[in-house]
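Student: My questions will all concern the structure given below.
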Amino acid sequence: MKIVHPLIKYVRPGFLSTTNCAGCGNGIIAQSILRAVDELEMDIDDFVFVSGIGCAAWIPSPFFNADVLHTTHGRPIAFATGVKLSNPKLRVMVVSGDGDLVAIGGNHFIHAARRNIDLTVICANNGIYGMTGGQVGPTTPSGLKTATTPYGNLERPFDLPNLAKAAGAVYVARWTTYHARQLTKSIKRAVQKKGFSFIEVISQCPVQFGRRTGAGNAVTMMQNYKKNSVSIKKVDKLKENELKGKIIVGEFIDREEPELCEEIAKMRERIG
Amino acid sequence: MIEINEELCKGCGLCVAFCPKDVLKMSNKLTKKGIHPPEVINEKDCTLCGNCMLYCPDLAIVIGKEEKIV
Ligand SMILES: Cc1ncc(C[n+]2csc(CCOP(=O)(O)OP(=O)(O)O)c2C)c(N)n1
Ligand code: SF4
Ligand code: SF4
Ligand code: SF4
Ligand SMILES: [Mg+2]
């Protein structure tokens, strides 16, 4: 007897096969988002998923059987801001890559966080421009040999959770694809949170990252995420050298601040 | 019960690597897509922990209690 995958009901008919290479972390992130929607018992039709350009932008589009806005490179947060302001009842989730959200889209990212507009932003961070051939990006680890840094990356990567926190986000978390269960829980929290929520997911690109930089295949990369992750709750007890090469995972902040759409509604009432 | 959808499977091996009970193994069989899907070799040890399903990037593996026909 056949058992049906519990998440198939959220997949657009005819688009069952993902666009990803074998073992790509994007599929695990896609599933974590759908599982969160399912566990929250929310109607996926109340969501609008917004993505930019890159492999990660294909996580919701056209895979999710929901309203999906596949926009231009770097601009999903700008489009999402427009969607949310025009109809604040919609739950707006941005799902895109590190290059899209924090390289070309970096300004939209910090300013949406500063405005504290009610968006959930999920960044699939594979540390590279996957789609275009594995070029270095602002999230690539220092020293790494990529397609465009054959002698090693001379720059330092952004620390995305701390960037989002400093810019004003009210909920911030980081997980890896190995932490798919914790990630699902975090997405649920982020969706329910009023304000700008940001989740970074460290995710394997076995093809443009793994193969080129020597990080290995999908299995090796995920086993290393498991081995090298440290909970944020334990960070204070560790010395700086013990944190070298570690991925700090967990919730970085969960706070309450006035949210933009609600403040606009209040202003409307005030001025009549 | 474990079901593998060979049309969706891309042969990445994540399900095999993260199964704590060695229930799965990559097979020698070639699918239409030209990949080796996993096969179930030891179903009795499966605890239905869900790891294989959780880590499959392609929704290609499903576990569940077998529904009884009454
Ligand atoms: C304006 C513009 N500049 C450059 C590109 C080329 N381009 C396409 S995807 C991409 C990088 C995507 O990187 P990321 O967001 O990390 O996605 P990934 O493929 O790694 O998931 C670039 C530079 C483009 N499509 N549009
Ligand atoms: S190139 Fe990398 S990020 Fe893009 S689909 Fe393939 S594995 Fe995933
Ligand atoms: S449910 Fe758990 S024990 Fe069973 S096959 Fe999957 S990973 Fe292995
Ligand atoms: S994790 Fe999924 S795609 Fe990868 S080998 Fe297992 S069933 Fe196939
Ligand atoms: Mg990327």
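Just so you know, the protein sequences line up as chains L and U, in that order.
Numbered per the numbering used here, the first sequence spans residues 256 to 527.
Numbered per the numbering used here, the second sequence spans residues 2 to 71.
Quick reminder that beta carbons are idealized off the backbone N, C-alpha and C, glycines included.
Using only the alpha-carbon positions, how far apart do L/Met522 and L/Leu340 sit?
Tutor: The sequence position of residue 522 of chain L within the first sequence is 267, counting from 1. The sequence position of residue 340 of chain L within the first sequence is 85, counting from 1. So the two alpha carbons sit approximately 14 Å from each other.
Student: Tell me which residue opens and which closes the beta strand (DSSP E) that L/Ala277 is part of.
Tutor: Position 22 of the first sequence, counted from the start, is the residue given in the question as residue 277 of chain L. That residue, L/Ala277, is in no beta strand (DSSP E); it is neither H nor E in DSSP.
Student: List, in order along the chain, the chain U residues whose C-beta lies closer than 9 Å to that of L/Met582?
Tutor: Only positions 256 to 527 of chain L appear in this structure, which leaves residue 582 of chain L out of reach.
Student: What's the C-alpha gap between L/Leu409 and L/Lys264?
Tutor: Numbered from its first residue, the first sequence carries residue 409 of chain L at position 154. Numbered from its first residue, the first sequence carries residue 264 of chain L at position 9. Cα to Cα, L/Leu409 sits roughly 46 Å from L/Lys264.
Student: Who are the near neighbours of L/Gln286 in its chain, counting only those whose CB is closer than 8 Å to its CB and skipping five residues on each side?
Tutor: As a working mapping, residue 286 of chain L is identified with position 31 in the first sequence. Around L/Gln286: Leu262 and Ala435.
Student: At least one CB of chain L closer than 7 Å to the CB of U/Glu44: is that the case?
Tutor: By one-based count along the second sequence, residue 44 of chain U stands at place 43. So, not an interface residue.
Student: With ligand 2 as the reference, list in chain order each residue whose Cβ lies under 6 Å from any of its heavy atoms.
Tutor: This criterion selects L/Asn275, L/Cys276, L/Cys279, L/Asn281, L/Cys310, L/Asn381, L/Gly385, L/Met386, L/Cys460, L/Pro461, L/Val462 and L/Gln463.
Student: Please report the residue range of the alpha helix (DSSP H) in which L/Met476 lies.
Tutor: As a first step, residue 476 of chain L is located in the first sequence; it is residue number 221 there, counting from the start. Looking at the DSSP string, the run of the alpha helix (DSSP H) that includes L/Met476 is Ala473 to Asn483.
Student: Name the chain U residues that come within less than 9 Å of L/Gln447, Cβ to Cβ?
Tutor: Taking the first sequence and counting its residues from 1, one reaches residue 447 of chain L at position 192. Ordered by position in chain U, no residue passes the 9 Å Cβ test against L/Gln447, which lies about 22 Å from the chain.
Student: Look at the alpha carbon of L/Ile314 and the alpha carbon of L/Asn281, and state the distance between them as a whole number of angstroms.
Tutor: Mapped onto the first sequence, residue 314 of chain L falls at position 59. Mapped onto the first sequence, residue 281 of chain L falls at position 26. Rounded to the nearest angstrom, the two C-alpha atoms are 6 Å apart.
Student: Between which two residues does the alpha helix (DSSP H) harbouring L/Ser452 extend?
Tutor: Within the first sequence, the letter at position 197 stands for residue 452 of chain L. That residue, L/Ser452, is in no alpha helix (DSSP H); its beta strand (DSSP E) goes Ser452 to Ile457.
Student: Listed in chain order, which residues of the region 256-277 of chain L have Cβ atoms closer than 9 Å to some Cβ of chain U?
Tutor: Against chain U - using a Cβ distance shorter than 9 Å - the residues of the region 256-277 of chain L are Met256, Lys257, Ile258, Val259, His260, Pro261, Leu262, Ile263, Val266, Leu271, Ser272, Thr273, Asn275, Cys276 and Ala277.
Student: Is the closest heavy atom of ligand 1 to the C-beta of L/His325 under 6 Å?
Tutor: As a working note, residue 325 of chain L is residue 70 in the first sequence. False, no ligand heavy atom lies under 6 Å from that Cβ.
Student: Consult DSSP for L/Ile502 and reduce its assignment to one of helix, strand or coil.
Tutor: Residue 502 of chain L sits at position 247 when you count from the first residue of the first sequence. L/Ile502: strand per DSSP, three-state reduction.
Student: Between L/His363 and ligand 1, is there a pair consisting of the residue's CB and a ligand heavy atom that are separated by less than 6 Å?
Tutor: Locating residue 363 of chain L in the first sequence gives position 108, counting from the first residue. Checking the Cβ of L/His363 against ligand 1 gives no.
Student: I'd like to know if U/Val71 contacts chain L, where contact means its C-beta is closer than 7 Å to some C-beta of that chain.
Tutor: To locate residue 71 of chain U, count along the second sequence from 1; it is residue 70. Caution applies to U/Val71, whose pLDDT of 45 falls short of 50 and renders its modelled position unreliable; the value that the coordinates give is listed next. So no, U/Val71 is outside the interface.
Student: Just by C-beta distance, which residues in the region 21-45 of chain U are closer than 8 Å to chain L?
Tutor: Here the close residues are Ile36.
Student: Under 8 Å Cβ-Cβ, which residues of chain L neighbour U/Glu7?
Tutor: Looking up residue 7 of chain U in the second sequence gives position 6. Here the premise fails: no neighbours, minimum Cβ distance about 12 Å.
Student: With a threshold of 6 Å, establish whether the CB of L/Gly352 neighbours any heavy atom of ligand 1.
Tutor: Walking along the first sequence from the start, residue 352 of chain L turns up at place 97. Yes.
Student: Please work out which residues of its chain come closer than 6 Å, Cβ to Cβ, to L/Thr439, disregarding the five sequence neighbours upstream and downstream, and give them in chain order.
Tutor: Translated into the one-based positions of the first sequence, residue 439 of chain L becomes position 184. Excluding sequence neighbours, L/Thr439 sits near Ser287, Arg290 and Ala291.
Student: U/Lys26 bridges to which residues according to DSSP?
Tutor: Position 25 of the second sequence holds residue 26 of chain U. According to DSSP, which records beta bridges pairwise, U/Lys26 is partnered with U/Glu40.
Student: To which residues of the same chain is L/Gly389 closer than 6 Å at the C-beta, ignoring the five residues directly before and after it?
Tutor: For this step, residue 389 of chain L is matched to residue 134 along the first sequence. So the qualifying residues of the chain are Ile383, Thr401, Ala402, Gln463 and Arg467.
Student: Using the Cβ count rule (16 or more neighbours within 10 Å means buried), how would you classify L/Ala277?
Tutor: Your numbering for residue 277 of chain L matches position 22 in the first sequence. With 16 or more other Cβ atoms within 10 Å, it is buried.
Student: Can L/Tyr346 and L/Asp298 be called in contact, C-beta distance under 7 Å?
Tutor: Position 91 of the first sequence, counting from 1, holds the residue named residue 346 of chain L. Position 43 of the first sequence, counting from 1, holds the residue named residue 298 of chain L. Checking the sequence shown, residue 346 of chain L turns out to be Arg, not Tyr. Against a cut-off of 7 Å, the Cβ pair of L/Asp298 and L/Arg346 comes out as no contact.
Student: Please report the straight-line C-alpha distance between L/Leu493 and L/Glu506, rounded to a whole angstrom.
Tutor: Taking the first residue of the first sequence as 1, we reach residue 493 of chain L at position 238. Taking the first residue of the first sequence as 1, we reach residue 506 of chain L at position 251. The alpha-carbon atoms of L/Leu493 and L/Glu506 are separated by roughly 18 Å.
Student: Is the CB of L/Gly282 under 7 Å away from at least one CB in chain U?
Tutor: In the first sequence, the residue the question calls residue 282 of chain L occupies position 27. It does: the Cβ of L/Gly282 has a partner Cβ on chain U nearer than 7 Å.
Student: Can L/Ile288 be considered in contact with ligand 5, in the sense that its beta carbon sits closer than 6 Å to one or more heavy atoms?
Tutor: By 1-based counting over the first sequence, the position of residue 288 of chain L is 33. No, the beta carbon of L/Ile288 sits no closer than 6 Å to any heavy atom of ligand 5.
Student: Between which two residues does the beta strand (DSSP E) containing L/Asn408 stretch?
Tutor: The residue labelled residue 408 of chain L in the question sits at position 153 within the first sequence. Element bounds for L/Asn408: n/a, residue is neither H nor E.
Student: Look at the alpha carbon of L/His260 and the alpha carbon of L/Gly465, and state the distance between them as a whole number of angstroms.
Tutor: The residue given as residue 260 of chain L occupies position 5 in the first sequence. The residue given as residue 465 of chain L occupies position 210 in the first sequence. Cα-Cα distance, rounded: 29 Å.
Student: Specify whether the region 353-368 of chain L and the region 418-428 of chain L touch according to this definition: at least 3 beta carbon pairs, one from each stretch, less than 8 Å apart.
Tutor: Contact between the region 353-368 of chain L and the region 418-428 of chain L is present, because at least three Cβ pairs lie under 8 Å.
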